[in-house]
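Undergrad: So the sequence shown is numbered by the working numbering: it starts at 33 and just counts up by one. All C-beta atoms, glycine included, are put in the ideal place defined by N, C-alpha and C. Fair warning: this is a prediction, and the values are worked out from it, not measured in the lab.
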Amino acid sequence: MVQDQRRAVWVLGACQCVFWGVLYYSFSVLLVPMESGLGLSRAAVAGSFSLGLCAMAVAAPAIGRALDAGHAARVTRLGAGLALAGLSVVALAHSAPVLYLGWACIGTAMAMLLYESAFALVSKAIAADSDRLRALAAVTVMGGLASTIFLPVLSLVVDHWGWRAAVWGNAAAVAAAAAVMERHVLPNFPAENSVVRRSAIVAGPWPPYLARLVAVFSSGTMASMALTTLLIPLMIERGAPSGIAALVLAALGLAQLPGRIWLLRRGNTPDSRLLNGIPLCLQAVGLFVVVVFQAPASAAAGVIAFGCGAGLHTLARPWMIQALYGPASAGRWNGEVARIQGFARAAGPVLAAAASQWVGSAAVLGAAGGLLGLALAVAGTIPPPKISSQLPRHGAS
33 MVQDQRRAVW VLGACQCVFW GVLYYSFSVL LVPMESGLGL SRAAVAGSFS
83 LGLCAMAVAA PAIGRALDAG HAARVTRLGA GLALAGLSVV ALAHSAPVLY
133 LGWACIGTAM AMLLYESAFA LVSKAIAADS DRLRALAAVT VMGGLASTIF
183 LPVLSLVVDH WGWRAAVWGN AAAVAAAAAV MERHVLPNFP AENSVVRRSA
233 IVAGPWPPYL ARLVAVFSSG TMASMALTTL LIPLMIERGA PSGIAALVLA
283 ALGLAQLPGR IWLLRRGNTP DSRLLNGIPL CLQAVGLFVV VVFQAPASAA
333 AGVIAFGCGA GLHTLARPWM IQALYGPASA GRWNGEVARI QGFARAAGPV
383 LAAAASQWVG SAAVLGAAGG LLGLALAVAG TIPPPKISSQ LPRHGAS
């Protein structure tokens, strides 16, 4: 990578931190204030976010094809505009239909602004394996700080000025991040050439092994949703104070950073099978520790292990898909996997909570660990991808 691209990668990561913080994580802070402010039930308000996640999932394949066609910059600009529109609608909402409309717009914008478009910008502009992987890691390191930075800030804003002011603040943050992207990021990540763009839009069936990748990564998403939904209730059932339980869960975000930081080092590119297998092992072990050992310290250790695995697994998907299928169609197939993951993200909390009413939180988390074990077995059947030195180069390294 040239120096300008290195700088642009970190700026892109900072923008991802903003987008994740104000579009995705902010809802957990806004939920209760919106419930009381709009006079709606908690389920009704939560349903608006679920609709947004479904909209994000539905839009993912089409956006992936647009990214393959070399339109990452255009997708980013459109996503920023749609996010501003959706946040404005939410800030002005006084009824459930308007609230749902706003979050549907925000969900579609998330499909355009979150990791998929960032990964496409990086992957198509940086050709060398090691440089590309470090760039992806840098983006996700910054994005991984979103909940740590924005949740307390948004809580402070809500406490002092109300939830509508917080939403307007979110809109201002999106506008600022979009302006920074326009000036400092997009000029350093040029679009693909026309040959690749034409090849990227050819329709066809799923390629070999994509269904297995879908199974592997959606299993990881379901397990993550189960843990975030059930950890606090499980720890409270075992006698831990609610504050301690919340603190343990809060460690999940920071725990995703060490593995990504490790990948920032210079050196040989790790084997793609290890980049997929090790995260699944860490997540399964983490769930095992949470389920079997009841002390809060043990739960914290399990959450840290799970978080380290989840952080690495975020990088495994774009890395493996581009290595298996090439840069020309990586956006499309990433979008297909992201679509199923998005539905899993939307349905996971509901399914986990419902199942816990029947068999208990520990049993559900144990089943999630078993699901990860099956995913690990499936991942072992995916052959190692070809090295990307055989792929066309589209940027300096």
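(1) Are Leu262 and Ala170 closer than 8 Å when you measure CB to CB?
(2) Tell me whether the beta-carbon of Leu146 lies closer than 8 Å to the beta-carbon of Trp42.
(3) Does the Cβ of Leu116 have 16 or more other Cβ atoms within 10 Å, making it buried, or fewer, making it exposed?
(4) Where does Thr261 sit, in a helix, a strand or coil, going by DSSP?
(5) What residue range does the alpha helix (DSSP H) around Ile158 cover?
(6) Excluding the five sequence neighbours on either side, which residues of its own chain have a C-beta within less than 6 Å of the C-beta of Ala368, listed in chain order?
(7) So, for Leu312: in the same chain, excluding its five sequence neighbours on each side, which residues have a beta-carbon less than 6 Å away from its beta-carbon?
(8) Using the Cα positions of Leu124 and Ser149, report the straight-line distance between them to the nearest angstrom.
(9) If you measure between the beta carbons of Val173 and Arg164, is that distance less than 8 Å?
(10) Select from Pro240, Ser60, Gln315 and Ala75 the residue whose C-alpha is nearest the C-alpha of Ser187.
(11) Where does Ala360 sit, in a helix, a strand or coil, going by DSSP?
(12) Along the alpha helix (DSSP H) that carries Arg39, what are the first and last residues, could you check?
(13) With respect to the alpha helix (DSSP H) encompassing Val121, which residues constitute its N-terminal and C-terminal limits?
(14) Report back the beta-carbon spacing between Ile310 and Leu344 to the nearest angstrom; my notes put them in contact at under 8 Å.
(15) Give the straight-line distance between the Cα atoms of Leu110 and Ala203, rounded to the nearest whole angstrom.
(16) Check Leu296 in the structure and name its three-state DSSP category.
(17) Exposed or buried, which one is Pro350 when buried takes at least 16 other CB atoms within 10 Å?
(18) Helix, strand or coil: how does DSSP classify Leu177 here?
(19) Quick check: the segment 179-194 against the segment 122-136, are at least 3 beta-carbon pairs closer than 8 Å?
(20) In angstroms with no decimal places, state the Cα-to-Cα distance between Leu356 and Ala247.
(21) What do you get for Arg215, buried or exposed, if any count of 16 or more other CB atoms within 10 angstroms of its CB means buried?
(22) Express the C-alpha separation of Asp100 and Pro424 in angstroms, rounding to a whole number.
(23) Just reading off the alpha helix (DSSP H) that Asn202 is part of, what are its end residues?
(24) Check each candidate in Leu296, Ala327 and Gly412 and name the one with the smallest Cα separation from Arg270.
(25) List the whole-angstrom C-beta distance separating Leu62 from Trp195, where the pair is believed to meet the contact cut-off of C-beta under 8 Å.
(26) To the nearest whole angstrom, what separates the beta carbons of Ile95 and Met144, a pair I think is in contact under 8 Å?
(27) Sort Ile353, Val322, Gly175 and Leu296 by Cα distance to Leu55 and report the nearest one.
(28) How would you call Leu279, buried or exposed, if buried means at least 16 neighbouring beta carbons within 10 angstroms?
(29) Restricting to Cα atoms, I'd like to know which of Thr346, Trp365 and Ser162 is closest to Arg97.
(30) Taking the CB atoms as reference points, tell me whether Gly201 and Trp135 lie closer together than 8 Å.
TA: In brief:
(1) Not in contact: Leu262 and Ala170 (Cβ atoms no closer than 8 Å).
(2) no
(3) buried
(4) helix
(5) Here Ile158 belongs to no alpha helix (DSSP H), and DSSP marks it neither H nor E.
(6) Reading the sequence as shown, one finds Glu at residue 368 and not Ala. So the list reads Pro93, once near-sequence residues are dropped.
(7) Excluding residues up to 5 positions away in sequence, Leu404, Ala407 and Leu408 lie with their Cβ nearer than 6 Å to the Cβ of Leu312 in the same chain.
(8) C-alpha separation (whole angstroms): 29 Å.
(9) No, Cβ-Cβ distance for Val173 and Arg164 is not below 8 Å.
(10) Ser60
(11) Shown here, Ala360 sits in coil according to DSSP, grouped into three states, outside any helix or strand.
(12) Gln35 to Phe51
(13) Ala104 to Leu124
(14) Right, the Cβ-Cβ distance comes to about 7 Å (below 8 Å), so this counts as a contact.
(15) Near 14 Å, if we compare the C-alpha coordinates of Ala203 and Leu110.
(16) In the displayed model, Leu296 falls within coil according to three-state DSSP, outside both helix and strand.
(17) buried
(18) coil
(19) Touching, no.
(20) Straight-line measurement puts the Cα of Ala247 at about 16 Å from the Cα of Leu356.
(21) exposed
(22) Residue confidence is low: Pro424 scores 35 on pLDDT, short of 50, so the model does not pin down where it sits. No coordinate-derived value is stated.
(23) Here the alpha helix (DSSP H) through Asn202 covers Trp195 to Val212.
(24) Ala327
(25) Rounded, the Cβ-Cβ distance is 5 Å, consistent with contact.
(26) 6 Å
(27) Gly175
(28) exposed
(29) Measuring from the Cα of Arg97, the nearest candidate turns out to be Trp365.
(30) no
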